[in-house]
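Taking it in order: structure first as structure tokens, then the write-up.
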Amino acid sequence: MTPTPSTHLIIADDHPLFRDALRHAVASVVPTAKIGEAGTFEELTAILEQEADVDLVLLDLSMPGISGFSGLIYLRAQYPAIPVVVVSASDDVGTIRRSLDFGASGFVPKRFGVEKLKDAIQKVLDGDVWVPPDIDLNAASDPEMTKLRDRLITLTPQQVRVLMMLSEGLLNKQIAYELGVSEATIKAHVSAILQKLGVESRTQAVIAAAKISGSQWRQDTPQ
1 MTPTPSTHLI IADDHPLFRD ALRHAVASVV PTAKIGEAGT FEELTAILEQ
51 EADVDLVLLD LSMPGISGFS GLIYLRAQYP AIPVVVVSAS DDVGTIRRSL
101 DFGASGFVPK RFGVEKLKDA IQKVLDGDVW VPPDIDLNAA SDPEMTKLRD
151 RLITLTPQQV RVLMMLSEGL LNKQIAYELG VSEATIKAHV SAILQKLGVE
201 SRTQAVIAAA KISGSQWRQD TPQ
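Read in order, the letters of the sequence shown correspond to residues 1 to 223 in UniProt numbering.
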């Protein structure tokens, strides 16, 4: 995508100082860009629900409301037309590979300076996939992780949200209240999640998700 005067980006990160650094990097690449900010995943989804013209989301993997790759999986399922670039302090090859596997259009380590951020943002806005040049993504992948990843991406957006809440230890009735649906609906979602992930219990579903997210999904779900 070539930057235009109407380019609209959202910076989703819970650290105000880093959001400010990203905002300056974006503004230097696209001075006329409309730049929104979100400090929590809930704020991000609220913006996306209200504004249909978002061209790019810069997403931190670790912020209130998400853990591991849950936020990325949800965004790719709910808003498949909006590119997402992960900007994270966790920049090992496994995290980068999984980010791309889950649909990210690029990965920018937080350790990089503003000049590198500018280069990365420019490349992504031009339609390229950007990853750190010193990362070898050709390393052998784990077949078990690939199989689990393929199962996770079959979840619907609502099922991803339910799994995120299961990972936070919420009960069905609590999830139903948060999402504004019936407890029976949540039970149906949980059953579908178990079937799609090939597991037999809520706890196993959370553990399966934690495996592929580098244990960033919480595992304190009640039996």
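Every residue, glycine too, gets a C-beta built ideally from N, C-alpha and C.
Remember, it's a predicted structure, so these values are computed and weren't measured experimentally.
Length of the line joining the Cα atoms of residue 19 and residue 104
The residue given as residue 19 occupies position 19 in the sequence shown. The residue given as residue 104 occupies position 104 in the sequence shown. If I take the Cα positions, the gap works out to 19 Å.
With residue 10 as the anchor, note down where its beta strand (DSSP E) starts and where it stops.
On the sequence shown, position 10 is the one that residue 10 refers to. First-last of the beta strand (DSSP E) with residue 10: 8-12.
Just curious, the alpha helix (DSSP H) that residue 94 is in, first and last residue?
The residue you call residue 94 lines up with position 94 of the sequence shown. Start and end: 93-101.
Identify whether residue 51 lies in helix, strand or coil by the three-state DSSP scheme.
Counting from one through the sequence shown, the residue named residue 51 turns up at place 51. Three-state DSSP puts residue 51 in coil, outside helix and strand.
Residue 64 and residue 40 look like a contact to me (Cβ under 8 Å); what is the Cβ gap, rounded to whole Å?
Within the sequence shown, residue 64 is the residue found at index 64, counting from 1. Within the sequence shown, residue 40 is the residue found at index 40, counting from 1. Indeed they touch by this definition, with Cβ atoms about 4 Å apart.
For residue 37, report the span of its beta strand (DSSP E) as first-last.
As a position in the sequence shown, residue 37 is number 37, starting the count at 1. Unbroken beta strand (DSSP E) run through residue 37: 34-38.
Go ahead and label residue 111 buried or exposed: buried means 16 or more other beta carbons lie within 10 angstroms of its beta carbon, across all protein chains shown.
Mapped onto the sequence shown, residue 111 falls at position 111. With fewer than 16 other Cβ atoms within 10 Å, it is exposed.
Can you tell me whether DSSP reads residue 112 as helix, strand or coil?
In the sequence shown, residue 112 corresponds to position 112, counting from 1. Residue 112 carries a coil assignment under DSSP once its states are collapsed to helix, strand and coil.
Checking 9 Å against the spacing of the C-beta atoms, do residue 66 and residue 74 come in under that value?
Locating residue 66 in the sequence shown gives position 66, counting from the first residue. Locating residue 74 in the sequence shown gives position 74, counting from the first residue. Yes, the Cβ-Cβ distance between residue 66 and residue 74 is below 9 Å.
Give me, in chain order, the residues of the same chain whose beta-carbon lies closer than 6 Å to that of residue 35; leave out the 5 immediate sequence neighbours on both sides.
The residue you call residue 35 lines up with position 35 of the sequence shown. The residues are 9, 23 and 26.
Could you check the C-alpha separation between residue 190 and residue 154 for me, to the nearest Å?
Position 190 of the sequence shown holds residue 190. Position 154 of the sequence shown holds residue 154. The straight-line gap from Cα to Cα measures roughly 14 Å.
Name the residue from 171, 181 and 149 whose alpha carbon lies nearest to the alpha carbon of residue 208.
Residue mapping note: residue 208 aligns to position 208 of the sequence shown, counting from 1. Nearest C-alpha to residue 208: 149.
Checking 9 Å against the spacing of the C-beta atoms, do residue 59 and residue 85 come in under that value?
Reading the sequence shown from its first residue, position 59 is the one you call residue 59. Reading the sequence shown from its first residue, position 85 is the one you call residue 85. Yes, the Cβ-Cβ distance between residue 59 and residue 85 is below 9 Å.
Just the C-alpha distance for residue 114 and residue 167, rounded to the nearest angstrom, thanks.
Taking the sequence shown and counting its residues from 1, the one referred to as residue 114 is at position 114. Taking the sequence shown and counting its residues from 1, the one referred to as residue 167 is at position 167. When rounded, the distance between both Cα atoms is 35 Å.
Buried versus exposed, by CB contacts within 10 Å (16 or more), residue 30
Looking up residue 30 in the sequence shown gives position 30. By the 10 Å Cβ count, residue 30 comes out buried.
Coil, strand or helix - residue 107 by DSSP
Residue numbering aside, residue 107 sits at position 107 when the sequence shown is read from its first letter. Note: residue 107 maps to strand in three-state DSSP.
Can residue 28 and residue 118 be called in contact, C-beta distance under 9 Å?
If you number the sequence shown from 1, residue 28 lands on position 28. If you number the sequence shown from 1, residue 118 lands on position 118. In contact: residue 28 and residue 118 (Cβ atoms closer than 9 Å).
Exposed unless 16 or more other CB atoms sit within 10 angstroms - verdict on residue 61
If you number the sequence shown from 1, residue 61 lands on position 61. Residue environment for residue 61: buried (at least 16 other C-beta atoms within 10 angstroms of its C-beta).
Beta-carbon separation (whole angstroms), residue 164 vs residue 178, contact threshold 8 Å
The residue given as residue 164 occupies position 164 in the sequence shown. The residue given as residue 178 occupies position 178 in the sequence shown. No, residue 164 and residue 178 are not in contact; Cβ-Cβ is about 10 Å, not under 8 Å.
Can you name the start and end residues of the beta strand (DSSP E) that residue 295 belongs to?
It is not possible to answer for residue 295, since the shown part of the chain is limited to 1 through 223.
Measure how close the beta-carbons of residue 77 and residue 160 come, nearest whole angstrom, since I'm counting them as under 8 Å.
In the sequence shown, counting from the first residue as 1, residue 77 sits at position 77. In the sequence shown, counting from the first residue as 1, residue 160 sits at position 160. Confirmed, Cβ separation roughly 6 Å.
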